[in-house]
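Presented below is the structure to which this report refers.
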Amino acid sequence: MSLKGYKDLPEGGVIPERGNSVLYKTGEWRSMKPVYYPEGCVHCLLCWAFCPEPAIKVENGRMLGIDYDHCKGCGICARECPRKEKALQMVRE
Amino acid sequence: MALETKQVAMTGNEAVANAIKQINPDVIAAYPITPQTDIVQYYSSFVADGQVDTQMVTVESEHSAMSATIGASAAGARAMTATSSQGLALMHEMLHIASGFRLPIVMPVVNRAVSAPINIHCDHSDTMAALTTGWLQIYSENAQEAYDNVIQAMRIAEDPRVRLPVMVCYDGFITSHAVENLFLLPDETVKQFVGEYNPKHTLFDFDSPVTFGPLVLPDYFSEIKAQEADAMRAAKEVILEIAEEFAKISGRKYGYYEGYHLEDAERVIVVLSSTAGTAKEVVDELRAQGEKVGLMKPRVIRPFPAEEFVKALSGAKVVAVMDRAETFSTQGGQLFTELRAAFYEAPTKPLMRNYIFGLGGRDTTTAEIRRVFEDLKKDQERGSVDRKVTHLDVRV
Chain A
366 MSLKGYKDLP EGGVIPERGN SVLYKTGEWR SMKPVYYPEG CVHCLLCWAF
416 CPEPAIKVEN GRMLGIDYDH CKGCGICARE CPRKEKALQM VRE
Chain B
52 MALETKQVAM TGNEAVANAI KQINPDVIAA YPITPQTDIV QYYSSFVADG
102 QVDTQMVTVE SEHSAMSATI GASAAGARAM TATSSQGLAL MHEMLHIASG
152 FRLPIVMPVV NRAVSAPINI HCDHSDTMAA LTTGWLQIYS ENAQEAYDNV
202 IQAMRIAEDP RVRLPVMVCY DGFITSHAVE NLFLLPDETV KQFVGEYNPK
252 HTLFDFDSPV TFGPLVLPDY FSEIKAQEAD AMRAAKEVIL EIAEEFAKIS
302 GRKYGYYEGY HLEDAERVIV VLSSTAGTAK EVVDELRAQG EKVGLMKPRV
352 IRPFPAEEFV KALSGAKVVA VMDRAETFST QGGQLFTELR AAFYEAPTKP
402 LMRNYIFGLG GRDTTTAEIR RVFEDLKKDQ ERGSVDRKVT HLDVRV
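Line by line, the protein sequences give chains A and B. Residues in the first sequence are numbered consecutively from 366, following this note's numbering. Residues in the second sequence are numbered consecutively from 52, following this note's numbering.
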């Protein structure tokens, strides 16, 4: 992706539009990532409740997987998961 | 054209308080420090007497004063503050925020030595330590210039090509507290001159909301700083345009510097602010004796008009740059090193030496200035300077 030159950017680092945080891929800095195994998951959603980012994808009360664009790899989901490695495993990126 | 002016006797701080009154900013957030105190003291009485519409915010420190001024300015207000010495030092991190956000804040800074040892009198160690903060710096010789510079600074800061904060500097006690004869412009003239402030982005624009101060990582940070450097370059022409407009309403002319008997001068002193007034007296004396001496008083040093300064000094044989602050580089004061560097590409270079003078309010009288010119004469005869950096008037 080519980034804008300095003359085309807003002055002073101001962000002149609203609701743009979803465009910011905070998952890029991650060094560890959780890997999801649906067959071991009981859909208790503790991972969803503890995740400090909106990085656990949930639909109709069921865990769907990880949003890797916003998951920072903190590992809280895997730690809180009652099924442990059967459902969520932390692996090096 | 007959210019309307009112002749008054005022201290520098009172004159500056009156300039701010005529600008009538939306917000002033300030904390008292000697010798700045009575600017804000005068101003608080204007507020109490209903002579201005300003919201005055009394804060618990200069760090908060600059923070509140930044907040008000980002919200779209015309916001000002004033300080000196330790106060400017305490503001330091916020100075970068003001310029980094491109906020057109105008701040009179009454120059005073920075501790330790503790001292309340004039030198330039406070503003010299703020040269790399992205603020413009304009220096004033006397109360008239301080008054005129505050009014011009507002226009320079708010110009869409610039949008950077400006410090208007003048000497503590010498200028801030001495009563001088000066001319004030009519309120209406100043009001029209500064005009309405039209901010580009404001936090109060609910139709197109903006974020000030987001995290900017290595992929964009250099670009934001390049914009600031561009704005500082653009300020150069804006300063002259505003000066020209100001001359029309005041009859008083300003530029990047003031030259005094500079045209054919062989021996020149370069010095900021009130000491230039003392130097003019000595130039007059020596000129009466047929000596080819002159003075260059820089007015603007951020941006640094290197080409113009070099041109102004191109005919000189020996130049003494006088700095009212130490840098401890052991290579001379800030003005000296920058001016010397400006000559690097020049085809002809004068001999150049540096004097560190007037620290902590030490008086620099005509006797000391005369001694500097005597040194320059010996240097010229010898064809070299006998000492690059001298602490003037220091007991051994």
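Cβ atoms here follow ideal geometry from the backbone N, Cα and C, with glycine treated the same way. If you're wondering where the values come from, they're calculated on a predicted model, not measured in any experiment.
Counted within 10 angstroms of its Cβ, other Cβ atoms place residue i as buried (16 or more) or exposed
| i | result |
| --- | --- |
| residue 186/B | buried |
| residue 401/B | buried |
| residue 349/B | buried |
| residue 417/B | exposed |
| residue 183/B | exposed |
| residue 445/B | exposed |
| residue 193/B | buried |
| residue 94/B | buried |
| residue 346/B | buried |
| residue 161/B | buried |
| residue 79/B | buried |
| residue 402/A | exposed |
| residue 152/B | buried |
| residue 58/B | exposed |
| residue 169/B | exposed |
| residue 272/B | exposed |
| residue 389/A | exposed |
| residue 331/B | buried |
| residue 375/B | buried |
| residue 404/B | buried |
| residue 387/A | exposed |
| residue 383/B | buried |
Whole-Å CB distance - residue i paired with residue j, under 8 angstroms assumed
| i | j | result |
| --- | --- | --- |
| residue 282/B | residue 214/B | 6 angstroms |
| residue 85/B | residue 135/B | 7 angstroms |
| residue 138/B | residue 82/B | 7 angstroms |
| residue 129/B | residue 307/B | The Cβ separation is near 26 angstroms, so there is no contact. |
| residue 198/B | residue 69/B | 7 angstroms |
| residue 289/B | residue 202/B | Their Cβ separation, rounded to whole angstroms, is 15 angstroms, which puts residue 289/B and residue 202/B out of contact at 8 angstroms. |
For residue i, the first and last residue of its enclosing beta strand (DSSP E)
| i | result |
| --- | --- |
| residue 159/B | 157-162 |
| residue 80/B | 78-81 |
| residue 167/B | Taken as a continuous stretch (DSSP letters only), residue 167/B belongs to no beta strand (DSSP E), as it is neither H nor E. |
| residue 433/A | Element bounds for residue 433/A: n/a, residue is neither H nor E. |
| residue 94/B | Taken as a continuous stretch (DSSP letters only), residue 94/B belongs to no beta strand (DSSP E), being part of the alpha helix (DSSP H) at 88-99. |
Given residue i as reference, the closest of the options once Cα atoms are compared
| i | options | result |
| --- | --- | --- |
| residue 310/B | 137/B, 114/B, 367/B, 57/B | 367/B |
| residue 218/B | 234/B, 200/B, 225/B | 200/B |
| residue 416/A | 399/A, 369/A, 441/A, 377/A | 441/A |
| residue 397/A | 370/A, 436/A, 448/A | 436/A |
| residue 373/B | 393/B, 320/B, 398/B, 395/B | 320/B |
| residue 66/B | 90/B, 81/B, 336/B, 76/B | 90/B |
| residue 133/B | 142/B, 125/B, 340/B | 142/B |
| residue 406/A | 419/A, 423/A, 418/A, 390/A | 423/A |
| residue 64/B | 231/B, 333/B, 390/B, 216/B | 231/B |
| residue 439/A | 370/A, 368/A, 395/A, 383/A | 395/A |
| residue 370/B | 352/B, 426/B, 329/B, 378/B | 426/B |
| residue 110/B | 120/B, 329/B, 102/B, 164/B | 120/B |
| residue 381/A | 262/B, 101/B, 61/B | 262/B |
| residue 518/A | 433/A, 371/A, 391/A, 400/A | Residue 518/A is absent from the structure shown; chain A starts at 366 and stops at 458. |
| residue 365/B | 390/B, 378/B, 326/B | 390/B |
| residue 265/B | 411/A, 367/A, 383/A, 434/A | 383/A |
Short CB-CB distance (under 8 angstroms) between residue i and chain E
| i | result |
| --- | --- |
| residue 383/A | Although the question refers to chain E, the structure presented lacks it and instead comprises the protein chains A and B. |
Residue i Cβ short of 7 angstroms to the ligand MG heavy atom set
| i | result |
| --- | --- |
| residue 340/B | You won't find the ligand MG in this model; it holds no ligand whatsoever. |
Boundaries of the alpha helix (DSSP H) in which residue i is found, first to last residue
| i | result |
| --- | --- |
| residue 382/B | No alpha helix (DSSP H) contains residue 382/B, which DSSP labels as neither H nor E. |
| residue 176/B | 176-179 |
| residue 309/B | Residue 309/B -> not in any alpha helix (DSSP H); beta strand (DSSP E) instead, spanning 308-311. |
| residue 269/B | 269-301 |
Quick check: the region 273-281 of chain B against the region 366-377 of chain A, are there 3 or more CB pairs under 8 angstroms? yes
Decide if the region 429-445 of chain B is in contact with the region 397-412 of chain B; the criterion is three or more beta carbon pairs, one per stretch, under 8 angstroms apart. yes
Would you call the region 220-236 of chain B and the region 166-181 of chain B touching, i.e. three or more CB-CB distances under 8 angstroms? yes
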